[in-house]
Amino acid sequence: MSIRLKELVESLGGQLIGDADTRVSGIAPLSDASASQITFLSNPKFRPQAAQTQAAAIILSAADDAAIGADYRGARIVAANPYAYFALAAQFFAAKNAIPVAPGIHPAASVDPAAQVAATAYVGANAVVGAGATIGEHVNLGAGCVIGRGVSIGAGSLLHPNVTVYDACQIGQRTIIHSGVVIGADGFGFANDGGTWVKIPQTGRVLIGDDVEIGANTTIDRGALADTVIEEGVKLDNQIQIAHNCHIGAHTAIAACAGIAGSARIGKFCSIGGAAMIHGHITIVDHVHVSAGTLALRSISEPGQYTGFYPIAKHGEWEKSAALVRNLNTMREKIRALEKSIKQLIEQLPQQVTQKDNE
Amino acid sequence: MSIRLKELVESLGGQLIGDADTRVSGIAPLSDASASQITFLSNPKFRPQAAQTQAAAIILSAADDAAIGADYRGARIVAANPYAYFALAAQFFAAKNAIPVAPGIHPAASVDPAAQVAATAYVGANAVVGAGATIGEHVNLGAGCVIGRGVSIGAGSLLHPNVTVYDACQIGQRTIIHSGVVIGADGFGFANDGGTWVKIPQTGRVLIGDDVEIGANTTIDRGALADTVIEEGVKLDNQIQIAHNCHIGAHTAIAACAGIAGSARIGKFCSIGGAAMIHGHITIVDHVHVSAGTLALRSISEPGQYTGFYPIAKHGEWEKSAALVRNLNTMREKIRALEKSIKQLIEQLPQQVTQKDNE
Amino acid sequence: MSIRLKELVESLGGQLIGDADTRVSGIAPLSDASASQITFLSNPKFRPQAAQTQAAAIILSAADDAAIGADYRGARIVAANPYAYFALAAQFFAAKNAIPVAPGIHPAASVDPAAQVAATAYVGANAVVGAGATIGEHVNLGAGCVIGRGVSIGAGSLLHPNVTVYDACQIGQRTIIHSGVVIGADGFGFANDGGTWVKIPQTGRVLIGDDVEIGANTTIDRGALADTVIEEGVKLDNQIQIAHNCHIGAHTAIAACAGIAGSARIGKFCSIGGAAMIHGHITIVDHVHVSAGTLALRSISEPGQYTGFYPIAKHGEWEKSAALVRNLNTMREKIRALEKSIKQLIEQLPQQVTQKDNE
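Chains as they are written, first to last, in UniProt numbering: chain A, 1 to 359; chain B, 1 to 359; chain C, 1 to 359.
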């Protein structure tokens, strides 16, 4: 399968310079691209590599085109955001290469008679769809998925195999959910009664917007009384835990292994690094970036990047610094004592000297 | 569905003040409760909100009732522990609202002829039950669960869909296991032989007590030679890892993303915060609370709260403090040098002055 | 079932001292072994316990045998690496005790007609095998596993129930994959376009070598353009996240809850501790050991052990030290001020004294 550059530009825009009939069979990085592929330059520091790439065509910015375009023998597509253009071009190729999914319900699926499955949807082998569930147009429900009662899944969404969605949760359109994800399990809610725990029924739902992606084995708990909400365009990596009653603002991206504790509220356009932990009941405003491995203990009211993890060192060096960290108070006391001693010396000595003078 | 307050009090106890025939349709927090709901006051600082709630009735302590009860227009239930009472009341409503599960084995389930399934149990679609397994009375086994050979599941337990239990593990009564949980996978046991790893077969089991709850995608490994033990009443959140041969004491609660390394022994009535990590082969006594994001490296022999995570800061500030943490030894040396200098000054200068005096 | 020691030695090697017809029914640690079991001594500090063990036979090193062998009443097997020998002996017993798996495809499995399943392989209930997949000889595919199109699984591999393998991934021979594992889900790749995210199709694969073991609920993402690679003999514990385009060198062991970010390259014979996090796009050479709870931010070019986590303390002590860590810069300024003051004092005071002298 190969396409002509003009097909790409007709679909995705951009300014094409060079032979519009140039055929490309796929997309690859500067260093790997063959003479039948298209590549992209998204960072000016790679201009030298761009000049040497074998690719038949290149996607680049106007600034980069002004700098190196004239030297480049192939065709160029000038785009405002070459990296986003690359992503869209890769989607274009992927769509061309995709094996079409024939709609229908696999004979080994178990769909409740009281569920509604759109005629264009696909339900895989051993998938289970509960009573009152609604599976939208062109939804692709992978093998082994279990969809609870009253769940709704919006048009064009893709659930990879072995996803579990508990009763009453709602999933938007064009949302992608990877294998092993569990949506709507009970939040961790218990009342302590003399040491033992009394379960608080979790009767809220999980509401997931459009164009969300959820990575493998991520878990999103249902709300206790109100709902857990994931707004549109949120991207969640693998192995993330989102606790009950969290609210994740639109277009926020969360990297793998992060944990968001109960009732935390994260704004729009934020990023949360891998294994970062967001404490419960705090609020983080829009455009906040929490670094990997960082625990956010209190609300963050100002945009910016926030970090907090212990620096790695050779083990012996860490042992020394960790011992000192535990004894910082002693260090501070020593500094105070020194300050006091010096103050006394300064006050006392010239005086003594002066006293001597006056004798 | 609504109930009269006297039904609640007959079932759960508490002192009812006001109209016992007041009907309530559900339970909600102070701020959200409508005139047809019951609410609760579990913290004296919310007394002002309680005075203004729209709820038809309120659960509160004797002290709070003495303080604000007279001002409240609705009915009151005075309870020793209003938050626990709320939990039980919510369970009461949830039970009334629950869709009953008809016992039986779904036609798409695969139950080994040598398994024993109680007549009152339910086995969902595509669930698989191995030879020699025992499924107790009123057990609810969700769709896609795979139950190994010789497993026993006690009466009244609920396994949500897509849970996997390996051979020979035992699960108590009234235990709730959420989707994606894996119980009894092999512990991480290998002998190193000149750089490569020789697998140590993991022949122990996982023994889980009564009234345990296990959150989505949590994993509990089987013991190497002895068993991994989770005592009664333990509550585990999502995405937790419990390694081989761990022993978790009764009524201990562990928050999401925590990891308990091999052969660790945690006491009763402990709490382990989110993403906390407990080192292998250590012992933690009863009533210890490990904060979120904390790594417990050594045994803890005294009850109390223990913490250890790097404080979050703006990225630039963190960079400075992290660089200083790595160089704390230098700081200490400087303090020592200062102490020495000052000591010398103090010893030396008055002497010089004195010497001058004597000249 | 019991075996004679000579069977063990014929199969595993080692020097047998004592009655070769001694029968043993299993293997147990020094303290637990009964008179019908074999035990092992892998650490000289346990020599006193070895002298008192009830075991019928003991595996030990030549050095330990020289020290205590003469005092031991049972048979001895002298091995170069007693702990590895123990592992192999335990495997020997486990193999004898194993319930044989009859080859064949369970009637409730869904195998695509265009898949190739070896005659000696087993495919469990509700397992799904896609078109073009190749399932090797003696492969054991657990119930509920979903194997994508074009996947290949090498001879002798064991996939426990509910494993998901996405299209086109390759798994070597004798590899063990535990329940809940997801292999080949999309990497977390998006281009930012004015705040929103454009998905970058993940078209690489996951390539897993021979003799790998992957713990429960671990996830390994497929590469973006190139492949994610797990070399032979790698051992991964539970709940690990390996991102797109990572390369894990042969015989490296990674403990539970660790996360390896995108395009990280870890050498051979490394170990990564529990909940450690390896940053994206960094390289770690062979024989590096990263401690538990440590975040590796930059490449590591020298073998050795590396650590970085905040030391645990009683909560109040931590609060003090954490406050000081945030203000280390102030502490440094104070030390500088002290150094300056002392320097001034030293320079100034003797001079004043001298000046007085000269007056």
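Ideal placement from N, C-alpha and C gives every residue a C-beta, glycine not left out. Bear in mind that the values here come from a model prediction, so they are computed numbers and not experimental data.
- In the three-state reduction of the DSSP assignment, V123 of chain B falls in the strand class.
- Assigned with DSSP and collapsed to three states, T330 of chain C falls in helix.
- For D65 of chain A, no beta strand (DSSP E) run applies; the uninterrupted alpha helix (DSSP H) run containing it begins and ends at A62 to I68, by DSSP.
- Straight-line measurement puts the Cα of S36 of chain C at about 52 Å from the Cα of I282 of chain C.
- L225 of chain C sits in coil when the DSSP states are folded into three classes, being neither helix nor strand.
- Under the Cβ distance rule, Q37 of chain A does not count among the residues neighbouring chain C, no pair being separated by less than 8 Å.
- By the rule that beta-carbons nearer than 8 Å mark a contact, V198 of chain C touches chain A.
- Residue-level contact by beta carbon holds for C257 of chain B and chain A, with a gap shorter than 8 Å.
- Looking at the DSSP output, F190 of chain B shares a beta bridge with B:K199.
- In the structure shown, the three-state DSSP call for Y83 of chain B is helix.
- With a beta-carbon spacing of about 5 Å, G148 of chain C and Y166 of chain C fall inside the 8 Å limit used to define contacts.
- For P48 of chain C, the number of other beta carbons within 10 angstroms of its own is below 16, and it is reported as exposed.
- Beyond the five residues adjoining it in sequence on each side, K199 of chain C comes within less than 7 Å, by CB distance, of F190 in the same chain, given in chain order.
- For R76 of chain B, the enclosing beta strand (DSSP E) begins and ends at A75 to V78.
- Not a single CB atom of chain B sits nearer than 8 Å to the CB of R174 of chain C.
- For the set B:T175, B:T196, B:P100 and B:D193, the Cα lying nearest the Cα of I230 of chain B is the one of B:T175.
- Close to A75 of chain A, with beta-carbon spacing below 9 Å, lies no residue of chain C; the smallest spacing is near 21 Å.
- Here N245 of chain A is buried, its C-beta having at least 16 other C-beta atoms within 10 Å.
- Excluding its 5 nearest sequence neighbours in each direction, A131 of chain B has C-beta neighbours in its own chain below 7 Å: D112, A114, A115 and R149, listed in chain order.
- At a beta-carbon threshold of 9 Å, none of the residues of chain A lie near F269 of chain C; the nearest stands roughly 17 Å away.
- Cα atoms of C257 of chain B and D237 of chain A: separation of roughly 15 Å, rounded to the nearest angstrom.
- Contact check for T196 of chain C against H289 of chain A fails: the beta carbons are separated by 8 Å or more.
- DSSP, reduced to helix, strand and coil, places S321 of chain C within a helical segment of the structure shown.
- The beta-carbon of G215 of chain A is placed less than 8 Å from the nearest beta-carbon of chain C.
- Residue contact with chain C for Q305 of chain B: present (Cβ-Cβ distance below 8 Å to some residue of chain C).
- By alpha-carbon distance to I183 of chain A, the top candidate from A:A168, A:I278, A:T164 and A:S25 is A:T164.
- In this structure, V146 of chain A keeps its C-beta atom at 8 Å or more from the C-beta atom of S157 of chain A.
- When secondary structure is reduced to three states using DSSP, G104 of chain B falls in the strand class.
- Under the 8 Å criterion on CB atoms, R332 of chain B is classed as interfacial with respect to chain A.
- Look at P113 of chain A: its C-beta is not under 8 Å from any C-beta on chain C.
- Within the stretch 287-299 of chain C, contact with chain A at the beta-carbon level (separation under 9 Å) is assigned to H289, V290, S291, G293, T294, L295, A296, L297 and R298.
- Distances from the CA of H287 of chain B to each of B:K268, B:G273, B:D65 and B:G154 were compared; the closest alpha carbon is that of B:K268.
- In this model, A323 of chain B and I208 of chain A are separated by some 41 Å (Cα to Cα).
- Following the DSSP letters along the chain, one finds L8 of chain A inside the alpha helix (DSSP H) bounded by residues L5 to L12.
- With a minimum length of 3 residues, the unbroken runs of beta strand (DSSP E) contained wholly in the stretch 121-188 of chain A fall at 182-185.
- Neighbourhood of R326 of chain C in chain B, by CB distance below 7 Å: P311, A313 and S321, in chain order.
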